[in-house]
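Numbering (this note's numbering), first residue to last: 16 to 260.
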């Protein structure tokens with residue numbers, strides 16, 4: 016039963032957003048008990064092919080636009096910041112206007128734990144500015160991040176004021192405004208299943224993992240920012256080109 020319903024979804028016979036037949040209809044069509052219907056639908060939910068909403072029923076998940084994350088996006092962001100354009104790697108990847116970009120934000124000062132301190136190359140306990148963001152395009156949540164900056168670098172500056180977010184040009188522009196030009200960015204990518212808070216914040220359906228990008232931003236030969244960026248895996252494509260010449 017699950018195989019047949021999957022075939023209908025993948026072939027377009029059940030198009031994105033369309034309701035699947037009711038449990039009673041499926042019971043009659045496949046000559047099975049209600050428990051079997053529910054098990055089959057659970058399989059499809061775990062695969063991320065369907066979603067179930069109270070009062071609506073079970074439907075084929077709509078196709079989600081996929082962002083391309085290329086290795087050149089920070090170079091483009093820096094070039095645009097220097098030219099005065101109001102763009103970030105997020106708005107460029109999404110191909111959205113600045114006016115369509117919003118943030119949920121929460122700032123606090125916190126000591127670095129051992130993991131974050133190692134990424135910065137500082138002693139544990141070093142004070143940081145922690146910034147938690149949920150990025151939205153046209154009001155729809157797309158990704159979330161926890162970003163850390165060295166407190167000694169940003170304390171008392173406009174960068175430490177959440178009222179200035181979203182900041183034109185994003186993180187690259189913020190560091191640039193403090194006199195630091197990014198020279199390199201390192202990203203480590205891993206996949207895992209989402210936590211409950213991520214499912215809630217990003218509206219992630221069952222069966223969909225997330226990609227977590229741990230970013231270290233280098234300027235003046237030092238790590239000045241560390242971030243964990245979380246994106247639902249069905250909304251992103253990693254596109255890197257390596258020149259071996």
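Built from N, CA and C at the ideal position, the CB exists for glycine as well. What you are looking at is a predicted structure, and each value in this text was computed from that prediction instead of being measured.
Beta-bridge pairing of residue 43 - partner residues as DSSP gives them: Counting from one through the chain shown, the residue named residue 43 turns up at place 28. The partner list for residue 43 (beta bridge, DSSP) is empty, contrary to what the question assumes.
Can you tell me whether residue 232 is buried or exposed, with buried defined as 16 or more other CB within 10 angstroms of its CB? Residue numbering aside, residue 232 sits at position 217 when the chain shown is read from its first letter. So residue 232 counts as buried.
N-terminal and C-terminal residue of the alpha helix (DSSP H) that residue 94 is part of: Position 79 of the chain shown, counted from the start, is the residue given in the question as residue 94. Taken as a continuous stretch (DSSP letters only), the alpha helix (DSSP H) holding residue 94 covers 88-98.
Assuming residue 192 is part of the beta strand (DSSP E), what are its boundary residues? Numbered from its first residue, the chain shown carries residue 192 at position 177. Run containing residue 192: none in the beta strand (DSSP E); it sits in the alpha helix (DSSP H), 185-192.
Report yes or no: do the region 135-144 and the region 232-242 share at least 3 C-beta pairs separated by less than 8 Å? yes
Taking 8 Å as the threshold, find out whether the region 37-53 comes into contact with the region 81-93 through three or more Cβ pairs. no
Unbroken alpha helix (DSSP H) runs of length 4 or more, entirely within the region 121-150: which are they? 129-135
Cα-Cα, which of 146, 176, 188, 115 is closest to residue 153? The sequence position of residue 153 within the chain shown is 138, counting from 1. That would be 115, whose Cα lies nearest to the Cα of residue 153.
List, from N- to C-terminal side, the beta strand (DSSP E) runs of 3 residues or more that fit wholly inside the region 177-239. 197-207, 225-234
Apply the 10 Å Cβ neighbour rule to residue 130 and answer buried if 16 or more other Cβ atoms are within range, or exposed otherwise. Numbered from 1 along the chain shown, position 115 holds the residue referred to as residue 130. Classification for residue 130: exposed.
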